[in-house]
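Read through the structure below, which is laid out as structure tokens, and then see the notes.
Protein chains: 4
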Amino acid sequence: MIERLDTFAIELPSWGFADTGTRFGKYVQAAAASTIDEKLADAGMVHRLTGCCPSVAVHVLWDFPAGRSPTQIADVAEREGVRIGSINPNLFQDQVFKYGSACSPDPEARAAADEHIDRSMAIGRDVGSSALSLWFADGTNYPGQDDILQRKRRMEDALARWHQAMPDSMEMLVEYKPFEPAFYHTDIADWGMAAHFARKAGPRAKVLVDTGHHLPGANIEHIVSFLLSERLLGGFHFNDRKYADDDLTLGSIDPYAVFRIFLAIRIAGERHGFETRHVGYTVDQSHNLKPKIEAMIQTATTAQELFLKAQMVDLDHLVRAQDAMAIVDAERCLRDAFATDVRPALREWRRARGLPEDPLEAFRESGYEARVGAERQARRGGNPASSSYA
Amino acid sequence: MIERLDTFAIELPSWGFADTGTRFGKYVQAAAASTIDEKLADAGMVHRLTGCCPSVAVHVLWDFPAGRSPTQIADVAEREGVRIGSINPNLFQDQVFKYGSACSPDPEARAAADEHIDRSMAIGRDVGSSALSLWFADGTNYPGQDDILQRKRRMEDALARWHQAMPDSMEMLVEYKPFEPAFYHTDIADWGMAAHFARKAGPRAKVLVDTGHHLPGANIEHIVSFLLSERLLGGFHFNDRKYADDDLTLGSIDPYAVFRIFLAIRIAGERHGFETRHVGYTVDQSHNLKPKIEAMIQTATTAQELFLKAQMVDLDHLVRAQDAMAIVDAERCLRDAFATDVRPALREWRRARGLPEDPLEAFRESGYEARVGAERQARRGGNPASSSYA
Amino acid sequence: MIERLDTFAIELPSWGFADTGTRFGKYVQAAAASTIDEKLADAGMVHRLTGCCPSVAVHVLWDFPAGRSPTQIADVAEREGVRIGSINPNLFQDQVFKYGSACSPDPEARAAADEHIDRSMAIGRDVGSSALSLWFADGTNYPGQDDILQRKRRMEDALARWHQAMPDSMEMLVEYKPFEPAFYHTDIADWGMAAHFARKAGPRAKVLVDTGHHLPGANIEHIVSFLLSERLLGGFHFNDRKYADDDLTLGSIDPYAVFRIFLAIRIAGERHGFETRHVGYTVDQSHNLKPKIEAMIQTATTAQELFLKAQMVDLDHLVRAQDAMAIVDAERCLRDAFATDVRPALREWRRARGLPEDPLEAFRESGYEARVGAERQARRGGNPASSSYA
Amino acid sequence: MIERLDTFAIELPSWGFADTGTRFGKYVQAAAASTIDEKLADAGMVHRLTGCCPSVAVHVLWDFPAGRSPTQIADVAEREGVRIGSINPNLFQDQVFKYGSACSPDPEARAAADEHIDRSMAIGRDVGSSALSLWFADGTNYPGQDDILQRKRRMEDALARWHQAMPDSMEMLVEYKPFEPAFYHTDIADWGMAAHFARKAGPRAKVLVDTGHHLPGANIEHIVSFLLSERLLGGFHFNDRKYADDDLTLGSIDPYAVFRIFLAIRIAGERHGFETRHVGYTVDQSHNLKPKIEAMIQTATTAQELFLKAQMVDLDHLVRAQDAMAIVDAERCLRDAFATDVRPALREWRRARGLPEDPLEAFRESGYEARVGAERQARRGGNPASSSYA
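Chains as they are written, first to last, in my numbering: chain A, 2 to 391; chain B, 2 to 391; chain C, 2 to 391; chain D, 2 to 391.
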């Protein structure tokens, strides 16, 4: 079982190392990264310590400044021991996107979206990225504000157009979200709509499941199973939540739910033969209070623990109990695996690979945060970092 | 506008005239119907008073007793001035359905489901019904209880099989519900899953939207628009809710939301040319406290009022405002229509058709409830009515 | 730590051994108990196996048949190795309670409530119960149905009256619930209202927290802390839920949340000196699918495991981290305790007390369920058990 | 009835005229106000047109720049035809408040909070404000992050201290919110906690109900009734929402719910004799898309319409129906009032007071927005306005 960790990789988000916050403000951190170099350095540090975060999702608007080519950025990543992962366009920050991007009634907004996606795909081609990861803030705030079906058609058209222009090496990931920042309707509100748009776009379009993007009570592992069986699951954005899209550390609120997601993936693959190896796991968290690098390490190790617990479920036993309609026994297979303390096995796995047994402690002992905090503050002349939203 | 009411029909549910309740018990009513004859008499009364409820959804298990042929029942309906509408199988009451029906791991349960559906379709053929309306209680209560993807396949198989055997005159309506009575997962949890199963089943399968079957916050009018544009919307089960599937009178909690649903249908048809005439509206309410017939009359007239308000939206004005991204103006088109008092117009429409202007008052003046209450109690020997769930 | 289990007791509900269901029906079990004798026998079995369930909550309406005195029932309990715990009146099943009990506009309903509570308190006195546990189905289904403030006053009056008449040995527990079976408002909708009514009633009235009776997202451990610090927490009804009041097995959906509740109680007691020893834990679950006795055993052992994990949190470490605003460290104290596998310690604890190490396995090996199933079915002449709601 | 509008006043929020947004960014408006002078000018314009917005809630941090005394600001208000209303401190924007303000483990944060409140109260005294309106972002993001009961005590202490120091003319309003920006717990999470803190603080402390600050399904009119009957309701923050705290225009999503709140207030006063005249209504909305002044006008007129509909409920009829437990009739009293088109009466009321019949049209005809947009942009040198959060 433990060797399955060898191929379990979690992508880090460049924006997770920058100062972010809520609509009420940001609490800045000295060590927050403000340039792509700093972000890649931080990500590299996390990967060196955990051994499971080899790639970094990048954000086109914030990470590819004028005057530096994408390949230069990719070289920086390589020097830091990581590689560029998914390309994340930004279709919400510019004022032109006030009424949406791909779905806006404003042709200028749609043209701006096309242009930004073109640039994103070019970057993807240059750095050899395999994924164009699309999250849309598109939607409306008021009943009647816009024609929902016209917006649907615009989204279909845009995705099909972009899919056609997408480099062969790339996959398109279509994310859904029921609300925020749009508050009456969002153009891709749930997995069903994302699946529809992905299918219409073309064979290389898949659905991206952000664990925080569901209405209260939604059964995410059911959705994941469904998408896998339809060959439509592309990947995950990982985070946890108690209320809405809270962007808390994975597993910090409901670890059993994360375990069940990993188990659903395992069952779809092992029991039903659906392809699951391509499914990408990316952290998407906004740490307003926690130190950013520590939170990333915590996320990566938590993901490993819950993934490993899911591997420990005795599937044969489970299937027999299910076939016998023995609910208590079937459930017990999950509970027993979840109750197992996998931390010793994980420490062993790390030791065997020359990694620190406790990556968080190792990070603290390294003095990295204090050092880069001092350097970065000095470099910014005492100003807070500013790169990324909120 | 007002003449659009001429073709706006709402189907009544036979089970809405019987005593029903919650898991904590039923409060019985003397006038509650306990036989299909009584239910059809009550429905006929509602139709005579409102003029907009020409058909009655029937429940196979409760409404087609041994010893009476479906055509006999249809004759009773005709005598009462109504006709048999959708056929509603029952795949949850028999003990064999403990772990599900079409999705059960138990082959006997699946066979029982097949058999009951066969009977339901035969009834549909005999009475000339145009719809087989499928709601499944299938699901699980605990993580791990059953293999979700195997259940998915079983559902696909069953629906395809039934679709093939379905009389040409019938349409299959597939309902979704996020929870209850299953509490961990339901096999058709949302519109996306219902749409998937309908598509797999065949061209005459459509999705049924029950307004109370959504997670908190779901934008139902968005779902309705989406389904119409995919030619997958078959009809509605009407009721209202504040919390879960509360089965309250339509529009009693959030009338503006119902108005927006009617508007979404109108826009899909008038603006986008999608077919909407086949969309069926059926009441699905459980009145534990309100007098049943009064509640049905209230529901029918409320539906007419909100439908009519939706017809009063100035679509040209709306489109211009939407194109100009004038949010306040666009929204105002909806608000103005909703603020209009349509009751005088409705009274006028009723008068012109020889209907009582206030159907509820007319019903009270008729003395019907007291009369049938006395008769029915006498016939039952003082026992409460027993037909239908809860 | 482990010795804290010695005083950790969980009360079993008599109604948890009977057939119950949802509004859509019940799935009956051969071994379901239909008499108070059978229920007490089952509870005694659970206690013999787990050693932590010494008392049984009883339901006045179903458990105290005419012709048998309360002390006779208490003797039966004693013979089965358990004692009578909290007394649970039923203020919802009789037809007179259609519009509520204590809050009903109908004086007959209020009188019936008074009478039933009198009888409940007399039973409590006779059997030496220490708690009168009050759950009200009171509420309304429609806006305007009744005058909410008049109902509030009626509830205040009733509780004060009952408090005054309550035997000295008893405590009054006031439960809250946001909805179901009332669907527009419930007269005691949240902890704030329950606390208000308890305070008004008198010093021996406390709040009962049912873990399933909260709106989506509610932070239950926060409420628990708050109530303890106001000396207003009386006890718990234990169950789990994913959507509404699903009455699933404790910890089956979100075990980390249960752990946090136990931790909140521990912190209130150990860190802040609030009294927590009187807090009663009672199972309140409706197992429609799971075998009832197995589910009770599973619940009791799950509660022990999660209670024990909460005892393993290093409070000194936690406090230091909190004082230093070291979020990651503080959170880690909880995660580490939760990640610990406490099952070996629990087995050890059981062995030391002469209990079976795996109570569920021991129950299965006992052949009890098959035996009583056969006996009970025979005694009922093949009819399903009928005692309790739904 | 209509004359009740004469005393129905709605306070405008200074921050509602500034650019605000979501955590994903702001869409700026040329006419957005960036100084207190501009905000007061805009508010004055709204009041001149609607006649019902005589006061302006001010935000201490953004509206009282160094170098200008509070009385100078009050003079500006007077010139614009309005007066200063509630004083709103800011206890979340400064970096010192990272872990909370009054509840922070950091004594510096608590001292900063004290100091800011002192300043706020001094301003309140100087400008003759009658309300100190307290919203706290205090809370935690992770289980274990801080000791909830210690935080509770800190909040109690702070509010008691502030209450004692508060000018006699002022009332303290304590707002609650279940989440955001804190994502695991907020220190004042619901009305029950707010009521507790208000009671502890002193007799001039009351609860502020923000209509958007509730968990899904909460019955706000029930809470309002409860608070009024306990003499604990101080006022409202008005806005609407579909999902979380969406800050949409009042009544834009669920107008019937707003109507029911107004009716609850009326019933508490007229039927039960509770004091309601002091209850303050303040708009608290963040218009990221709608033009700010238009949205304020729309809000004020919507509030008038829904308030007026609530006055039209026939209370005598309602009470008779409630006493008779005639649910349909009781509900009908509400429905009939809500269905009434009150816009003609409102136009008449405005005409009689020399106000424009359609304030929104009058605003547009005034050319105000274009004029101040040009002026303000020029003054800012083309930069967006920056004052207020998000």
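We put the CB at the ideal spot given by N, CA and C, even for glycine.
Cutoff 9 Å: residue 322/C Cβ touching any chain D Cβ: Locating residue 322/C in the third sequence gives position 321, counting from the first residue. Yes, contact with chain D.
Check whether residue 274/A and residue 241/A have beta carbons under 9 Å apart: Numbered from its first residue, the first sequence carries residue 274/A at position 273. Numbered from its first residue, the first sequence carries residue 241/A at position 240. Between residue 274/A and residue 241/A, the CB-CB gap reaches or exceeds 9 Å.
Residue 284/C and residue 215/C closer than 9 Å at C-beta: Locating residue 284/C in the third sequence gives position 283, counting from the first residue. Locating residue 215/C in the third sequence gives position 214, counting from the first residue. Their beta carbons are not under 9 Å apart, which means residue 284/C does not touch residue 215/C by this criterion.
Residue range of the unbroken alpha helix (DSSP H) whose run includes residue 64/A: Within the first sequence, numbered from 1, the residue matching residue 64/A stands at position 63. Segment 61-64, the alpha helix (DSSP H) holding residue 64/A.
Residue 88/D versus 135/D, 17/D, 366/D, residue with shortest Cα-Cα distance: As a working note, residue 88/D is residue 87 in the fourth sequence. Checking every option, the nearest Cα to that of residue 88/D belongs to 135/D.
Closer than 7 Å at the beta carbon, the chain D residues around residue 257/A: The residue given as residue 257/A occupies position 256 in the first sequence. Near residue 257/A there are no residues of chain D at all, since even the closest Cβ is about 14 Å away, more than 7 Å.
Chain D within 9 Å of residue 197/C, Cβ atoms only: Position 196 of the third sequence, counted from the first residue, corresponds to residue 197/C. True, the Cβ-Cβ gap to chain D drops below 9 Å.
Run of the alpha helix (DSSP H) containing residue 156/B, from where it starts to where it stops: Residue numbering aside, residue 156/B sits at position 155 when the second sequence is read from its first letter. Segment 149-166, the alpha helix (DSSP H) holding residue 156/B.
Opening and closing residue of the beta strand (DSSP E) in which residue 239/D lies: Locating residue 239/D in the fourth sequence gives position 238, where the first residue counts as 1. 234-239 is the span of the beta strand (DSSP E), which, as asked, contains residue 239/D.
Proximity of residue 296/C and residue 86/C at Cβ, strictly below 9 Å: Residue mapping note: residue 296/C aligns to position 295 of the third sequence, counting from 1. Residue mapping note: residue 86/C aligns to position 85 of the third sequence, counting from 1. Not in contact: residue 296/C and residue 86/C (Cβ atoms no closer than 9 Å).
Of the listed residues 2/D, 173/D, 151/D, nearest to residue 161/D (C-alpha basis): The residue you call residue 161/D lines up with position 160 of the fourth sequence. Nearest C-alpha to residue 161/D among 2/D, 173/D, 151/D: 173/D.
Proximal chain C residues relative to residue 384/B, where beta-carbon distance stays under 7 Å: Stepping through the second sequence from its first residue, residue 384/B is reached at position 383. Going along chain C, no residue has its Cβ under 7 Å from residue 384/B, so there is no contact; the nearest lies around 13 Å.
Bridge partner(s) assigned by DSSP for residue 141/A: Position 140 of the first sequence, counting from 1, holds the residue named residue 141/A. Answer is 186/A.
Contact between the segment 114-131 of chain C and the segment 343-351 of chain D (3+ Cβ pairs under 8 Å): In this structure the segment 114-131 of chain C does not lie against the segment 343-351 of chain D, because fewer than three pairs of beta carbons, one per stretch, are closer than 8 Å.
Local conformation of residue 40/B per DSSP, three classes: One-based indexing of the second sequence puts residue 40/B at position 39. Note: residue 40/B maps to helix in three-state DSSP.
Chain B contacts from the segment 23-42 of chain C (Cβ-Cβ distance under 7 Å): 23, 24, 25, 26, 28, 29
C-beta neighbour in chain A for residue 357/C, strict 9 Å: To locate residue 357/C, count along the third sequence from 1; it is residue 356. No - not a single Cβ of chain A is within 9 Å of the one on residue 357/C.
Selected residue, minimal CA-CA separation from residue 251/D, among 219/D, 316/D, 291/D: As a first step, residue 251/D must be located in the fourth sequence, where it is residue number 250. Looking at the Cα atoms, 291/D is the closest of the given residues.
Which residues DSSP lists as bridging residue 222/C, in chain order: Sequence index remark: in the third sequence, residue 222/C carries index 221 (1-based). Residue 222/C is not bridged to any residue.
DSSP-derived helix/strand/coil call for residue 391/D: Numbered from its first residue, the fourth sequence carries residue 391/D at position 390. Note that residue 391/D scores 43 on pLDDT, short of 50, meaning its location in the model is unreliable; the coordinates nonetheless yield the value given after this. Correct three-state label for residue 391/D: coil.
Touching by the beta-carbon criterion (3+ pairs, under 8 Å), the segment 62-81 of chain C and the segment 106-115 of chain C: no
Residue 193/C vs residue 156/D beta-carbon contact at 9 Å: By 1-based counting over the third sequence, the position of residue 193/C is 192. By 1-based counting over the fourth sequence, the position of residue 156/D is 155. Result no, Cβ atoms of residue 193/C and residue 156/D do not sit closer than 9 Å.
Start-to-end residues for the beta strand (DSSP E) that takes in residue 206/B: As a position in the second sequence, residue 206/B is number 205, starting the count at 1. Taken as a continuous stretch (DSSP letters only), the beta strand (DSSP E) holding residue 206/B covers 206-211.
Residue 51/D - DSSP class collapsed to helix/strand/coil: By one-based count along the fourth sequence, residue 51/D stands at place 50. Residue 51/D falls in the helix class under three-state DSSP.
Residue 211/D, buried or exposed, once every other Cβ within 10 Å from all chains shown has been counted against 16: Numbered from 1 along the fourth sequence, position 210 holds the residue referred to as residue 211/D. Buried.
Sufficient close CB pairs (3 or more, under 8 Å) joining the segment 368-380 of chain B to the segment 16-30 of chain C: With contact defined as three or more Cβ pairs closer than 8 Å, the segment 368-380 of chain B and the segment 16-30 of chain C are not in contact.
When 146/C, 343/C, 205/C, 97/C are compared against residue 321/D, the one with the closest alpha-carbon: Counting from one through the fourth sequence, the residue named residue 321/D turns up at place 320. Comparing Cα positions, the closest option is 146/C.
Same chain only: Cβ atoms within 6 Å of residue 178/D, ignoring 5 sequence neighbours per side: Working through the fourth sequence from its first residue, we reach residue 178/D at position 177. So the list reads 187, 214, once near-sequence residues are dropped.
Delimiting residues of the alpha helix (DSSP H) encompassing residue 87/D: For the purposes of this step, residue 87/D is taken as the residue at position 86 of the fourth sequence. Not the alpha helix (DSSP H): residue 87/D falls in the beta strand (DSSP E), residues 84-89.
Residues from the segment 207-232 of chain D in contact with chain B, defined by Cβ distance under 8 Å: 217, 218, 220
Runs of beta strand (DSSP E) lying entirely within the segment 334-364 of chain D, each at least 3 residues, in chain order: none
Inter-residue Cα distance where the pair is residue 272/C and residue 14/A: Working through the third sequence from its first residue, we reach residue 272/C at position 271. Working through the first sequence from its first residue, we reach residue 14/A at position 13. Answer to the nearest angstrom: the Cα atoms are 39 Å apart.
Below-9 Å beta-carbon distance, residue 329/D vs any chain B residue: In the fourth sequence, the residue the question calls residue 329/D occupies position 328. Answer yes: the Cβ-Cβ gap between residue 329/D and chain B drops below 9 Å somewhere.
CB contact flag (residue 267/B, residue 335/B, <9 Å): Here the question's residue 267/B lines up with position 266 in the second sequence. Here the question's residue 335/B lines up with position 334 in the second sequence. For residue 267/B and residue 335/B, no; Cβs fall outside 9 Å.
Nearest-angstrom Cα separation, counted from residue 55/C out to residue 82/C: Taking the first residue of the third sequence as position 1, residue 82/C is located at position 81. Taking the first residue of the third sequence as position 1, residue 55/C is located at position 54. Cα to Cα, residue 82/C sits roughly 7 Å from residue 55/C.
Counted within 10 angstroms of its Cβ, other Cβ atoms place residue 332/B as buried (16 or more) or exposed: Here residue 332/B corresponds to residue number 331 of the second sequence, with the count starting at 1. By the 10 Å Cβ count, residue 332/B comes out buried.
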